[in-house]
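A.B. asks:
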Amino acid sequence: MPNYNVYLEGAWLVKDVATGEDAIGIALAEAGKRLNPKLDYVDVEVGTMGCAACGEEFMSAYLVADTAIVGLLFQMKVYEAETEEHASRIAKSVIGKALRDVPLKVVEVEEF
């Protein structure tokens, strides 16, 4: 059975924050606390978005009224899954249990 890298996108809410950079730092720290030590094999990084006007990539953090939503990207290796769909369900289940209340969406699944 093949092995897969599964990438999930999550929306992290950060309250009482002054800047986008602070929101990104807080979101990464909070996600790391909730995933570690049990799920230390899940990699977390800030997601990127493309600008609609110029097409340039930028970090996905949106700040309004001292509240931010930060797009995080979670990567997990899934071993011996039957299909890509099976691998994505496994990753979403494992990460979703640790990150309750965080909406997750499968972005990419690639075989390795």
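Per the working numbering: the sequence shown = residues 160 to 271. A virtual CB, placed ideally from N, CA and C, is assigned to each residue, including glycine. Quantities reported herein were computed from a predicted structural model and do not represent experimental measurements.
Nearest to leucine 222 by alpha carbon, out of Thr178, Val201, Glu270, Tyr166?
C.D. replies: Out of Thr178, Val201, Glu270, Tyr166, Thr178 has the C-alpha closest to the C-alpha of leucine 222.
A.B. asks: Got a sec, what are the start and stop residues for the alpha helix (DSSP H) alanine 246 sits in?
C.D. replies: Here the alpha helix (DSSP H) through alanine 246 covers 243–257.
A.B. asks: Which of helix, strand or coil does DSSP assign to glycine 179?
C.D. replies: helix
A.B. asks: Grab the span of the beta strand (DSSP E) containing tyrosine 221 for me, first residue to last.
C.D. replies: 220–223
A.B. asks: What are the boundary residues of the beta strand (DSSP E) that includes leucine 263?
C.D. replies: 263–270
A.B. asks: Quick one: using the 10 Å Cβ neighbour count with 16 as the cut-off for buried, is alanine 182 buried or exposed?
C.D. replies: So alanine 182 counts as buried.
A.B. asks: Which partner residues of asparagine 164 appear in the DSSP bridge assignment?
C.D. replies: Lys236, Glu269
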